[in-house]
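All letters in the sequence shown, in the order written, are residues 472 to 937 by the numbering used here.
Backbone N, C-alpha and C define an ideal beta-carbon position, used for all residues, glycine too.
The structure displayed is predicted, hence computed values, not measured ones.
Reading through the structure tokens given below for one structure.
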Amino acid sequence: MTIDIAKISELDRRSVLHPFTQLKDFATGKLGDPTIVETGKGIRIQDAAGKEFIDGFAGLYCVNVGYGRTEVAEAISRQAYRLAYYHSYAAHTTDELAILSDRLVKMAPGKMSKVFYGMSGSDANETQAKLVWYYNNLRGKPKKKKIISRDRGYHGCSIISGSMTGMSFYHDHMDLPFSQIVHTGVPHHYWGGHPGETEVEFSKRRAAELDELIQREGPETVGAFIGEPVLGTGGITPPPEGYWEAIQAVLRKHDVLLIADEVITGFGRTGSMFGSDRYGIEPDLITVAKGLTSAYFPLSGAIVGEKVYQVMEDAADRVGSFSHGYTYSGHPIGAAAANAVLDIVENEDLPGKADTVGSYFQAQLQAKFAQLPIVGEVRGVGLMGAIEFVADREKKTRFDPGLNVGARVSKAARDRGLIARAMPHGDILGFAPPLVITKAEVDELVSIAESAVRSVMDQLVHEGQK
Ligand code: PMP
Numbered sequence: 472m473t474i475d476i477a478k479i480s481e482l483d484r485r486s487v488l489h490p491f492t493q494l495k496d497f498a499t500g501k502l503g504d505p506t507i508v509e510t511g512k513g514i515r516i517q518d519a520a521g522k523e524f525i526d527g528f529a530g531l532y533c534v535n536v537g538y539g540r541t542e543v544a545e546a547i548s549r550q551a552y553r554l555a556y557y558h559s560y561a562a563h564t565t566d567e568l569a570i571l572s573d574r575l576v577k578m579a580p581g582k583m584s585k586v587f588y589g590m591s592g593s594d595a596n597e598t599q600a601k602l603v604w605y606y607n608n609l610r611g612k613p614k615k616k617k618i619i620s621r622d623r624g625y626h627g628c629s630i631i632s633g634s635m636t637g638m639s640f641y642h643d644h645m646d647l648p649f650s651q652i653v654h655t656g657v658p659h660h661y662w663g664g665h666p667g668e669t670e671v672e673f674s675k676r677r678a679a680e681l682d683e684l685i686q687r688e689g690p691e692t693v694g695a696f697i698g699e700p701v702l703g704t705g706g707i708t709p710p711p712e713g714y715w716e717a718i719q720a721v722l723r724k725h726d727v728l729l730i731a732d733e734v735i736t737g738f739g740r741t742g743s744m745f746g747s748d749r750y751g752i753e754p755d756l757i758t759v760a761k762g763l764t765s766a767y768f769p770l771s772g773a774i775v776g777e778k779v780y781q782v783m784e785d786a787a788d789r790v791g792s793f794s795h796g797y798t799y800s801g802h803p804i805g806a807a808a809a810n811a812v813l814d815i816v817e818n819e820d821l822p823g824k825a826d827t828v829g830s831y832f833q834a835q836l837q838a839k840f841a842q843l844p845i846v847g848e849v850r851g852v853g854l855m856g857a858i859e860f861v862a863d864r865e866k867k868t869r870f871d872p873g874l875n876v877g878a879r880v881s882k883a884a885r886d887r888g889l890i891a892r893a894m895p896h897g898d899i900l901g902f903a904p905p906l907v908i909t910k911a912e913v914d915e916l917v918s919i920a921e922s923a924v925r926s927v928m929d930q931l932v933h934e935g936q937k
């Protein structure tokens with residue numbers, strides 16, 4: 472099928488409200504035409520004009536098994552022909568849903584019991600907040616409701632999940648954050664560490680700050696702490712050494728639940744099946760989405776630990792049925808897609824690949840970028856990584872935001888056929904390629920990124936900024 476690019480661009484400009492797009496610049500054409508993405512295969516996508524890109528971000532860190540996997544498309548098609556939909560209310564199920572749930576409970580870290588399904592990471596985190604409140608109401612602690620999240624944490628953009636997200640531009644002009652959500656410091660040693668402070672000392676300080684925050688708020692009012700094992704949208708930042716151990720000790724002391732938001736880190740991205748496995752996290756609740764279906768179908772899960780679930784079951788005679796559910800909770804096509812994707816994740820050992828190819832990827836990023844005069848930090852784990860650009864390496868000063876260094880590098884990469892994302896909170900270029908990427912493809916990706924970074928470095932010298 473040939474796409475009429477001019478017509479589709481016009482229809483789009485007239486009718487689509489695009490997320491994260493400067494509306495006037497788009498409406499007036501200043502941003503140019505939309506990119507009409509038409510096909511994908513492996514780690515690459517192609518637009519309607521025939522231009523091919525390496526997708527160094529797997530969509531939005533989600534197409535972990537790569538594009539064009541026919542086995543997933545066939546599983547979706549088979550289920551659509553057999554039974555396109557039935558709900559999971561009042562004890563209805565499908566074979567795909569029951570099988571998927573059993574797999575998830577068994578593969579997830581910690582002592583998990585049940586899975587509640589939604590369609591997005593945001594709605595799953597909305598469910599997690601309700602579960603925290605429900606659990607504490609049912610066990611006679613109705614004041615224990617506040618949820619603590621971190622600055623630069625990302626948990627979604629709905630009312631509660633958007634409030635948990637520790638980025639002010641998700642709140643501004645939209646009446647967030649909601650009052651029950653409290654924020655604590657970002658676990659990023661490069662910017663947050665005091666001079667001479669080791670990572671372990673910094674982690675202990677962050678844990679002490681959390682302890683003080685809980686004491687100040689009143690432990691009887693704090694229900695849960697939510698965190699991504701590795702900060703994603705907040706700049707692809709692995710935790711400093713000792714962080715999760717120190718944080719979990721504080722949470723246990725105050726009887727505060729731990730929600731591991733594994734929307735990005737789940738299903739292999741860090742080189743372990745879950746980020747929690749990698750960092751010794753024992754969550755009470757786990758949020759999954761993205762990699763669960765590799766984005767072939769919208770599906771998310773709030774995985775509920777035994778501790779929380781048992782309180783819910785024990786109270787059922789008293790409170791009646793669990794009154795929470797979406798029309799599409801446990802959608803059979805989503806479940807079929809997830810089972811087909813998990814088959815690939817397991818059969819192709821994608822966590823193992825993310826570990827070995829990921830180590831190579833991290834080593835290449837370090838080798839090519841860490842010593843450049845405009846680079847402050849190169850960081851990452853498994854197949855997620857970031858380069859942070861700074862004006863002065865010694866003094867650790869950022870570039871003037873008006874120079875748009877991160878966005879310029881991202882654009883330069885794109886012009887060279889590589890999608891790598893400019894991330895908020897500084898000048899950061901982020902990578903999270905599909906987990907099926909090979910070493911040869913890593914070389915290709917890194918070499919394009921290097922050419923892009925060097926071109927912007929040359930421009931900055933030319934402009935007298937370096
Ligand atoms: N949690 C994390 C860690 C995420 O990265 C995201 C999405 N980037 C979400 C939650 C929200 O997921 P969704 O966009 O599917 O609502």
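Original post:
Can you list, in chain order, the residues of its chain whose CB lies under 6 angstroms from that of Ala428, leaving out five sequence neighbours each side?
Top reply: Nothing in the structure corresponds to residue 428, since the chain is present only between 472 and 937.
Original post:
Which residues in the same chain as Gly706 place their Cβ atom closer than 8 angstroms to its Cβ, once the five residues preceding and following it in sequence are excluded?
Top reply: Arg623, His659, Ala857, Glu859, Met894, Pro895, His896, Gly897, Ile899, Gly901
Original post:
Taking the continuous alpha helix (DSSP H) assigned at Ser634, which residues delimit it?
Top reply: Start and end: 630-635.
Subject >> Through-space distance from Gly664 to Leu554, alpha-carbon basis >> reply: 54 angstroms
**OP:** Can you have a look at Pro648 and say buried or exposed, based on whether 16 or more other CB atoms are within 10 angstroms of its CB?
**Re:** buried
Original post:
With respect to the alpha helix (DSSP H) encompassing Leu722, which residues constitute its N-terminal and C-terminal limits?
Top reply: Membership of Leu722 in the alpha helix (DSSP H) is indicated by the continuous run 714-724.
Subject >> Rounded C-alpha distance that separates Glu733 from Val653 >> reply: 20 angstroms
Original post:
What residue range is occupied by the uninterrupted alpha helix (DSSP H) comprising Gly530?
Top reply: 529-532
Original post:
Which residues have their C-beta within less than 7 angstroms of a heavy atom of the ligand PMP, listed in chain order?
Top reply: Leu531, Tyr532, Ser591, Gly592, Ser593, Asp594, Asn596, Tyr625, His626, Gly627, Cys628, Ser632, Glu699, Gly703, Thr704, Asp732, Val734, Ile735, Thr758, Ala760, Lys761, Ser771
Original post:
Ordered along the chain, which non-local residues of its own chain (more than five positions away) have a Cβ less than 8 angstroms from that of Val852?
Top reply: Excluding positions up to five away in sequence, the list reads Val701, Pro709, Thr741, Gly742, Arg749, Gly829, Gln833.
**OP:** Report all residues from its chain with a CB closer than 6 angstroms to the CB of Gly527; omit the five preceding and five following residues, and keep chain order.
**Re:** Leu889, Ile890, Ala891, Phe902, Pro904, Leu916
**OP:** Please list the segments of the alpha helix (DSSP H) lying wholly inside the segment 569-642, counting only runs of 4 or more residues, in order along the chain.
**Re:** Counting whole runs of 4 or more residues, the segment 569-642 contains the alpha helix (DSSP H) stretches 592-609, 630-635.
Subject >> Residue from Gly801, Leu906, Glu865, Thr564 with nearest C-alpha to His591 >> reply: Before going on, a small fix: residue 591 reads as Ser here, not His. Among Gly801, Leu906, Glu865, Thr564, the Cα nearest to that of Ser591 is on Gly801.
Original post:
Where do the N-terminal and C-terminal ends of the beta strand (DSSP E) with Thr541 fall, by residue?
Top reply: Thr541 -> not in any beta strand (DSSP E); alpha helix (DSSP H) instead, spanning 541-553.
Subject >> Nearest candidate by alpha-carbon position, reference Tyr605, set Glu672, Tyr560, His795 >> reply: His795
Subject >> Option in Gly762, Gly805, Ser584 with minimal Cα separation from Leu854 >> reply: Gly762
Original post:
Is Asp914 buried or exposed, if buried means 16 or more other CB atoms sit within 10 Å of its CB?
Top reply: Here Asp914 is exposed. Its C-beta has fewer than 16 other C-beta atoms within 10 Å.
**OP:** Name the one or two DSSP bridge partners that Asp467 has.
**Re:** In the structure displayed, the chain extends from 472 to 937; residue 467 sits before or after that span and is not available.
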